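J.: In the numbering used here, the protein residues as written are 4 to 256.
Got a structure for you, questions after.
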Ligand SMILES: NC(=O)c1ccc[n+]([C@@H]2O[C@H](COP(=O)([O-])OP(=O)(O)OC[C@H]3O[C@@H](n4cnc5c(N)ncnc54)[C@H](OP(=O)(O)O)[C@@H]3O)[C@@H](O)[C@H]2O)c1
């Protein structure tokens, strides 16, 4: 199936490592020009070079999505530099934790405002595309109780609600808005490798709940995102696509 992504233009936040990195590689392999950001200059530079080597235009900037004015200015500048915008993927998260109020502020500023501000800054460019799409990265921690009472899970849940609301609001402009909720995703240098090393019981307990006997890979999430972001998914908007290999046990009616 041709996804219809060739020649399109995407902005992806937090794309130097892990899931975000694999998303930009997957989109580049489909012929999409990319603008990406992260906080570490060397990793931004290396990722841009790796994407260019895949034959697409790639631009990157050191941006902390927590800094609203620089973040939204970067989105506007990137869309202009790319010559338009078809796809926006707010991927950055402040991650989980139960360290008290600080987690709530961090997850609100990074996960929630990083998504909301990004979508608002991207919309004037997206509405000029003939197949615009936003794919919000949520988590299965938003749809079932997981580990404990966490700002991460609760506020990602808020993003799933926001995704649905926004999808209705911008549908008349032709913009589709969906969320992808990954289950546990294992990769070198990622959170689950860290948990495996430092909290082996938590790792083993979580693995035992994966009916496929394994966690997911960044590739599996990247392919899911690429499909939802593509014109091939033209009738799909407002969904929260759970990609977790059966990790969650609820019935999604
Ligand atoms: N891994 C999982 O099992 C899993 C499961 C469910 C959902 N998710 C979701 O998937 C997304 C990606 O997770 P991941 O595990 O791939 O994350 P990760 O390995 O920690 O990578 C995060 C990326 O975002 C960048 N970043 C972090 N904070 C940033 C900030 N404030 N401003 C700009 N860039 C920032 C990082 O680069 P710098 O450090 O250089 O900024 C890096 O490129 C998140 O939304 C996460 O909640 C992950």
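Think of the CB as a built atom: it goes at the ideal place given N, C-alpha and C, for glycine as much as any other residue.
From a predicted model like this one, the values you see are computed outputs, not experimental measurements.
Please work out which residues of its chain come closer than 7 Å, Cβ to Cβ, to residue 109, disregarding the five sequence neighbours upstream and downstream, and give them in chain order.
T.: Counted from its first residue, the chain shown places residue 109 at position 106. Around residue 109: 97.
J.: Only counting runs of 4 or more residues, tell me where the alpha helix (DSSP H) segments fall wholly within the region 151–183, in order along the chain.
T.: Counting whole runs of 4 or more residues, the region 151–183 contains the alpha helix (DSSP H) stretches 154–173.
J.: Does the structure place the region 37–51 close enough to the region 11–28 that three or more beta carbon pairs sit under 8 Å?
T.: Touching, yes, given that three or more Cβ pairs across the two stretches are closer than 8 Å.
J.: Do residue 224 and residue 90 come within 9 Å of each other at the CB atom, strictly closer than that value?
T.: As a working note, residue 90 is residue 87 in the chain shown. As a working note, residue 224 is residue 221 in the chain shown. Their beta carbons are not under 9 Å apart, which means residue 90 does not touch residue 224 by this criterion.
J.: Under 8 Å by Cβ, that's how I've got residue 143 and residue 230 pegged, so tell me the actual separation to the nearest angstrom.
T.: Position 140 of the chain shown holds residue 143. Position 227 of the chain shown holds residue 230. Residue 143 to residue 230, Cβ: 18 Å. No contact.
J.: Can you tell me the Cα-Cα spacing of residue 4 and residue 35, whole angstroms?
T.: Residue numbering aside, residue 4 sits at position 1 when the chain shown is read from its first letter. Residue numbering aside, residue 35 sits at position 32 when the chain shown is read from its first letter. Approximately 16 Å between the Cα atoms of the pair.
J.: Going by DSSP in three states, residue 117 sits in which element: helix, strand or coil?
T.: Here residue 117 corresponds to residue number 114 of the chain shown, with the count starting at 1. Looking at residue 117 - three-state DSSP - the assignment turns out to be helix.
J.: What span of residues does the alpha helix (DSSP H) with residue 32 cover, start to end?
T.: The count along the chain shown starts at 1 and reaches residue 32 at position 29. 21–32 is the extent of the alpha helix (DSSP H) around residue 32.
J.: Do residue 232 and residue 85 come within 9 Å of each other at the CB atom, strictly closer than that value?
T.: Counting from one through the chain shown, the residue named residue 85 turns up at place 82. Counting from one through the chain shown, the residue named residue 232 turns up at place 229. For residue 85 and residue 232, no; Cβs fall outside 9 Å.
J.: Taking the beta strand (DSSP E) that residue 94 falls in, what are its first and last residues?
T.: As a position in the chain shown, residue 94 is number 91, starting the count at 1. Counting along the chain, residue 94 falls outside any beta strand (DSSP E), and DSSP gives it neither H nor E.
J.: Alpha carbon to alpha carbon, what distance is there between residue 219 and residue 199?
T.: On the chain shown, position 196 is the one that residue 199 refers to. On the chain shown, position 216 is the one that residue 219 refers to. Cα to Cα, residue 199 sits roughly 15 Å from residue 219.
J.: Among 247, 201, 242, 60, which residue has its Cα nearest to the Cα of residue 169?
T.: For this step, residue 169 is matched to residue 166 along the chain shown. Measuring from the Cα of residue 169, the nearest candidate turns out to be 242.
J.: Can you give me the Cβ contacts of residue 234 inside the same chain, cut-off strictly under 6 Å, excluding the 5 residues immediately before and after it?
T.: Along the chain shown, read from residue 1 onward, the residue named residue 234 stands at position 231. Excluding residues within five positions, the ones whose Cβ falls inside 6 Å are 7, 134.
J.: Using three-state DSSP, classify residue 143 as helix, strand or coil.
T.: The residue given as residue 143 occupies position 140 in the chain shown. If DSSP states are grouped into helix, strand and coil, residue 143 belongs with the helices.
J.: Would residue 253 be called buried (16 or more neighbouring beta carbons within 10 Å of its own) or exposed?
T.: If you number the chain shown from 1, residue 253 lands on position 250. Its Cβ having fewer than 16 others within 10 Å, residue 253 is exposed.
J.: So the beta strand (DSSP E) residue 69 belongs to, where does it begin and stop?
T.: In the chain shown, counting from the first residue as 1, residue 69 sits at position 66. No beta strand (DSSP E) contains residue 69, which DSSP labels as neither H nor E.
J.: Using 10 angstroms around the beta-carbon of residue 237, count the other beta-carbons present and answer buried if the total reaches 16, otherwise exposed.
T.: Your numbering for residue 237 matches position 234 in the chain shown. By the 10 Å Cβ count, residue 237 comes out exposed.
J.: Please state whether DSSP places residue 134 in a helix, a strand or coil.
T.: One-based indexing of the chain shown puts residue 134 at position 131. In the structure shown, residue 134 sits in coil (DSSP, three-state: anything other than H, G, I, E or B).
J.: Measuring CA to CA, which of 12, 245, 208 is closest to residue 185?
T.: Here the question's residue 185 lines up with position 182 in the chain shown. Closest by alpha carbon: 245.
J.: With a CB to CB cut of under 6 Å and the five nearest residues on each side skipped, what residues in its chain are close to residue 178?
T.: Here residue 178 corresponds to residue number 175 of the chain shown, with the count starting at 1. Contacts found: 129, 135.
J.: Tell me whether residue 256 is buried or exposed, calling it buried when 16 or more other Cβ atoms sit within 10 Å of its Cβ.
T.: Walking along the chain shown from the start, residue 256 turns up at place 253. Classification of residue 256: exposed, given that the 10 Å Cβ count is below 16.
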